[in-house]
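A short write-up of the structure that comes next.
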Amino acid sequence: MLEGNPERHVWGLGRHHAGSNFFWYRKDPAGNFSAYYSDMDCVVDDQLWTPEVLEGAQGLFNWGPSPPPVLPAPRGPRRADDRRPQCAAVTR
Numbered sequence: 465m466l467e468g469n470p471e472r473h474v475w476g477l478g479r480h481h482a483g484s485n486f487f488w489y490r491k492d493p494a495g496n497f498s499a500y501y502s503d504m505d506c507v508v509d510d511q512l513w514t515p516e517v518l519e520g521a522q523g524l525f526n527w528g529p530s531p532p533p534v535l536p537a538p539r540g541p542r543r544a545d546d547r548r549p550q551c552a553a554v555t556r
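When the letters of the sequence shown are read in order and numbered with the numbering used here, they come out as residues 465 to 556.
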């Protein structure tokens, strides 16, 4: 995939902290983002899971290249019970 269209590579390979999954972000021919991932953690019992607040880049990734400016950026803190996705607009 990368050899034929290197301009479609956006970000990765890396590992997200939350979820502990590997990731690779690409753009499709129409410019939409796609996230490829593997090995994501699964919370099977909410009572045993403790949410944590992650500071700075750790909230986005543990290792890998820094995110490019074209990715959606997370907004400020929100209530712990707010499970809605929260992203800023994509910059192009």
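Beta carbons: idealized from backbone N, C-alpha and C, even for Gly. These numbers were taken from a predicted model, which means no experiment stands behind them.
- Under the three-state reduction of DSSP, Leu512 is assigned to helix.
- Phe497 is bridged by DSSP to Lys491.
- By the Cβ-count criterion, Leu524 is buried, with 16 or more other Cβ atoms from all chains shown falling within 10 Å of its own Cβ.
- When DSSP states are grouped into helix, strand and coil, Gly476 belongs to the strand group.
- If you ignore the 5 residues before and after Pro532, its C-beta comes within less than 7 Å of the C-beta of Val474, Trp475, all in its own chain and listed in chain order.
- Residue pairing from DSSP places Phe486 in a beta bridge opposite Arg479, Ser502.
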